[in-house]
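Number of protein chains: 2
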Amino acid sequence: MSVDLLVKKIKEKGNPSVAGLDPKVEYVPMFIREKAYKEYGKSLRGAAEAIWEYNKGLIDALCDVVPAVKPQSAFYEMYGLPGEEVLHRTIAYAKEKGLYVILDVKRNDIGSTAEAYSKAYLGTVDIDGEECEPCGVDCVTVNAYLGTDGVKPFIDDCKKYDKAIFALAKTSNPSSGELQDLMSGDKHIYEKMAEMIDKWNADTIGKSGYGAVGAVVGATYPEQAEVLRKLMTKSYFLVPGYGAQGGGAMGVKPCFNDDGLGAIVNSSRGIICAYKKGDWKEEQFAEAARAEAIRMREDLVSVI
Amino acid sequence: MSVDLLVKKIKEKGNPSVAGLDPKVEYVPMFIREKAYKEYGKSLRGAAEAIWEYNKGLIDALCDVVPAVKPQSAFYEMYGLPGEEVLHRTIAYAKEKGLYVILDVKRNDIGSTAEAYSKAYLGTVDIDGEECEPCGVDCVTVNAYLGTDGVKPFIDDCKKYDKAIFALAKTSNPSSGELQDLMSGDKHIYEKMAEMIDKWNADTIGKSGYGAVGAVVGATYPEQAEVLRKLMTKSYFLVPGYGAQGGGAMGVKPCFNDDGLGAIVNSSRGIICAYKKGDWKEEQFAEAARAEAIRMREDLVSVI
Numbered sequence: 001m002s003v004d005l006l007v008k009k010i011k012e013k014g015n016p017s018v019a020g021l022d023p024k025v026e027y028v029p030m031f032i033r034e035k036a037y038k039e040y041g042k043s044l045r046g047a048a049e050a051i052w053e054y055n056k057g058l059i060d061a062l063c064d065v066v067p068a069v070k071p072q073s074a075f076y077e078m079y080g081l082p083g084e085e086v087l088h089r090t091i092a093y094a095k096e097k098g099l100y101v102i103l104d105v106k107r108n109d110i111g112s113t114a115e116a117y118s119k120a121y122l123g124t125v126d127i128d129g130e131e132c133e134p135c136g137v138d139c140v141t142v143n144a145y146l147g148t149d150g151v152k153p154f155i156d157d158c159k160k161y162d163k164a165i166f167a168l169a170k171t172s173n174p175s176s177g178e179l180q181d182l183m184s185g186d187k188h189i190y191e192k193m194a195e196m197i198d199k200w201n202a203d204t205i206g207k208s209g210y211g212a213v214g215a216v217v218g219a220t221y222p223e224q225a226e227v228l229r230k231l232m233t234k235s236y237f238l239v240p241g242y243g244a245q246g247g248g249a250m251g252v253k254p255c256f257n258d259d260g261l262g263a264i265v266n267s268s269r270g271i272i273c274a275y276k277k278g279d280w281k282e283e284q285f286a287e288a289a290r291a292e293a294i295r296m297r298e299d300l301v302s303v304i
Numbered sequence: 305m306s307v308d309l310l311v312k313k314i315k316e317k318g319n320p321s322v323a324g325l326d327p328k329v330e331y332v333p334m335f336i337r338e339k340a341y342k343e344y345g346k347s348l349r350g351a352a353e354a355i356w357e358y359n360k361g362l363i364d365a366l367c368d369v370v371p372a373v374k375p376q377s378a379f380y381e382m383y384g385l386p387g388e389e390v391l392h393r394t395i396a397y398a399k400e401k402g403l404y405v406i407l408d409v410k411r412n413d414i415g416s417t418a419e420a421y422s423k424a425y426l427g428t429v430d431i432d433g434e435e436c437e438p439c440g441v442d443c444v445t446v447n448a449y450l451g452t453d454g455v456k457p458f459i460d461d462c463k464k465y466d467k468a469i470f471a472l473a474k475t476s477n478p479s480s481g482e483l484q485d486l487m488s489g490d491k492h493i494y495e496k497m498a499e500m501i502d503k504w505n506a507d508t509i510g511k512s513g514y515g516a517v518g519a520v521v522g523a524t525y526p527e528q529a530e531v532l533r534k535l536m537t538k539s540y541f542l543v544p545g546y547g548a549q550g551g552g553a554m555g556v557k558p559c560f561n562d563d564g565l566g567a568i569v570n571s572s573r574g575i576i577c578a579y580k581k582g583d584w585k586e587e588q589f590a591e592a593a594r595a596e597a598i599r600m601r602e603d604l605v606s607v608i
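Residue numbers (our numbering), protein chains in the order written: chain A, 1 to 304; chain B, 305 to 608.
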């Protein structure tokens with residue numbers, strides 16, 4: 001199972017964190033932007049090419065520190081087709097550098113359509129006898145509001161292609177509770193979701209002791225994370241909300257199991273925009289990202 | 305508000321339905337596929353170009369019968385970058401033909417990321433002073449599991465750019481009830497979601513009497529639709545599940561208000577694969593789609 005690969009990479013790097021590649025064009029250092037605009041204009045293509053240079057620099061600087069990267073699809077879709085193209089380039093480059101790639105897409109739909117989404121990112125598509133790989137990442141995020149038949153195609157592909165998914169349980173945003181914290185009987189909706197995730201995960205357990213169906217659990221809600229950890233002992237947690245969103249290392253501690261495993265903590269702006277804090281020059285954006293990724297690693301390791 | 309435009313187009317065509325453009329390559333008539341494979345190979349590009357020819361034929365045949373088309377993003381993402389490119393081409397072509405375009409993407413994320421998704425499809429993006437439009441459809445579907453701050457950026461853009469959204473309330477798939485039918489107090493989760501949608505919709509009401517925040521309500525659950533209709537009187541319903549998924553015209557009746565408005569019913573395979581049923585030749589795929597769209601119109605009009 002692909003989650004075994006993730007665990008292996010986490011152990012190799014001694015680092016349970018993932019760098020979120022969420023590159024708005026305004027995050028890209030101006031000298032990179034100017035170069036791209038000169039060649040491609042202030043256009044979707046110009047923005048996308050600037051982002052590509054930025055991502056490449058970040059990946060080069062981070063690839064021996066972090067086990068994984070998590071591109072957020074929204075920030076590529078926002079730059080139209082050129083953005084999508086740069087997303088594909090970024091994924092290929094990260095894989096080439098040995099990074100585990102979690103594509104944050106939060107896809108969801110009814111069964112036959114979920115199957116198409118799953119093939120798009122985890123599998124291959126049959127074109128009259130030719131098997132083609134549309135994108136090919138290690139792992140995607142999904143939203144399971146539609147229930148089992150919207151998630152099953154992804155799980156089937158996890159088994160077939162050795163991949164993994166993270167399903168939203170308790171998200172990190174301020175209003176996540178409006179629906180997720182509602183009580184149903186004596187349980188919150190996020191607990192109900194956790195029970196479903198645990199069930200889906202049950203027959204996907206790999207050598208690491210963890211399964212292919214993980215959960216998204218926000219660092220901003222440590223008390224809920226503690227409950228969720230007990231409900232999904234064999235699911236890996238993808239933990240957003242560390243850093244820029246306000247969650248610290250103590251906040252993510254409950255997401256880990258006693259074996260020091262079980263969670264991978266994301267930081268996006270905290271890492272990729274590190275050069276905007278302190279005394280860094282723009283040209284040092286990659287070095288600053290690396291320094292922050294190392295600081296974050298030490299911070300996390302100190303609490304688990 | 306963009307929903308006024310939808311209502312206008314529905315009235316003009318006398319047809320409360322939308323043709324779902326969900327083109328798996330195996331749905332495309334073989335003569336089109338063979339032509340595309342000859343030029344581009346059995347590849348993602350070959351499949352995408354076949355889909356483009358198919359879509360163009362369908363849009364030409366349907367554009368004076370239906371008010372709207374609904375491309376399902378999954379079936380384009382499944383063919384990688386060439387698929388994405390054909391999605392953009394299809395959207396542009398449908399708009400050129402005067403069709404209202406609902407892009408079915410079911411996007412969802414925390415606030416700052418939802419903003420990126422919203423700009424990607426409803427708005428424009430600022431590239432150092434240049435406003436660029438990444439895609440530009442009339443309307444998208446969203447999943448509101450994350451609560452208000454995941455939806456608000458879309459609503460803001462509905463107001464700013466005159467657009468609309470449909471949020472998932474009760475989906476058409478068999479396992480939709482696992483989460484959506486859970487009771488919270490004396491209400492189902494889909495009712496709680498409906499109350500949220502109604503609230504979000506309240507300050508977006510246009511001249512038609514309907515607002516920018518609609519709801520996805522599956523044709524396969526008519527009893528729930530009846531309840532939901534009363535909870536969201538000013539929201540348009542996007543109704544999947546008619547036809548191939550088993551819902552008939554009587555099943556969708558509860559989705560309409562007494563004014564004969566308030567719902568737009570989707571059929572995807574039922575229309576685009578109509579040529580596979582009865583005595584049609586492959587070459588008549590567009591004619592068959594048109595005939596089915598007309599039959600569906602009459603079927604719907606007979607019950608509202």
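Using N, Cα and C, we set each Cβ at its ideal position, and we do this for glycine too. Remember, it's a predicted structure, so these values are computed and weren't measured experimentally.
Cutoff 7 Å: residue i Cβ touching any chain B Cβ
i	result
Lys106 of chain A	yes
Leu87 of chain A	no
Ser176 of chain A	yes
Ala47 of chain A	yes
Ala116 of chain A	yes
Ser184 of chain A	yes
Leu238 of chain A	no
Leu228 of chain A	no
Lys119 of chain A	yes
Glu39 of chain A	no
Asn143 of chain A	yes
Gly80 of chain A	yes
Whether residue i touches residue j by CB criterion (7 Å)
i	j	result
Ile509 of chain B	Phe560 of chain B	no
Val69 of chain A	Leu21 of chain A	yes
Pro438 of chain B	Ala418 of chain B	no
Ser306 of chain B	Asp432 of chain B	no
Gly522 of chain B	Thr445 of chain B	no
Leu168 of chain A	Asn201 of chain A	no
Pro375 of chain B	Tyr404 of chain B	no
Val28 of chain A	Ala50 of chain A	yes
Leu62 of chain A	Ala293 of chain A	yes
Residue environment, residue i, which counts as buried when at least 16 other CB atoms sit within 10 Å
i	result
Asp60 of chain A	exposed
Ser321 of chain B	buried
Ala529 of chain B	buried
Arg411 of chain B	buried
Met600 of chain B	buried
Met497 of chain B	buried
Lys503 of chain B	exposed
Phe589 of chain B	buried
Ala519 of chain B	buried
Ser512 of chain B	buried
Phe31 of chain A	exposed
Ser176 of chain A	buried
Thr90 of chain A	buried
Residue i in three-state terms, based on DSSP
i	result
Cys462 of chain B	helix
Cys559 of chain B	helix
Ser267 of chain A	strand
Pro16 of chain A	coil
Lys42 of chain A	coil
Ile272 of chain A	helix
Pro375 of chain B	strand
Ala523 of chain B	coil
Lys97 of chain A	coil
Asp181 of chain A	coil
Asp453 of chain B	helix
Ile314 of chain B	helix
Any C-beta of chain A under 7 Å from that of residue i
i	result
Val556 of chain B	no
Val441 of chain B	no
Tyr525 of chain B	no
Cys462 of chain B	no
Glu357 of chain B	no
Review point. Does the stretch 305–323 of chain B come close enough to the stretch 257–267 of chain A to have 3 or more Cβ pairs within less than 8 Å?
Key: no
Check your understanding: Mind listing which residues of the stretch 264–275 of chain A have their C-beta closer than 8 Å to chain E's C-betas, in chain order?
Key -> Absent here is chain E; the protein component of the structure consists of chains A and B.
Exercise for review: Specify whether the stretch 76–93 of chain A and the stretch 37–46 of chain A touch according to this definition: at least 3 beta carbon pairs, one from each stretch, less than 8 Å apart.
Suggested key: Put simply, the stretch 76–93 of chain A touches the stretch 37–46 of chain A. At least three CB pairs are less than 8 Å apart.
Practice item. Would you check if the stretch 456–464 of chain B and the stretch 483–490 of chain B touch, i.e. whether three or more CB-CB distances between them fall below 8 Å? Key: no
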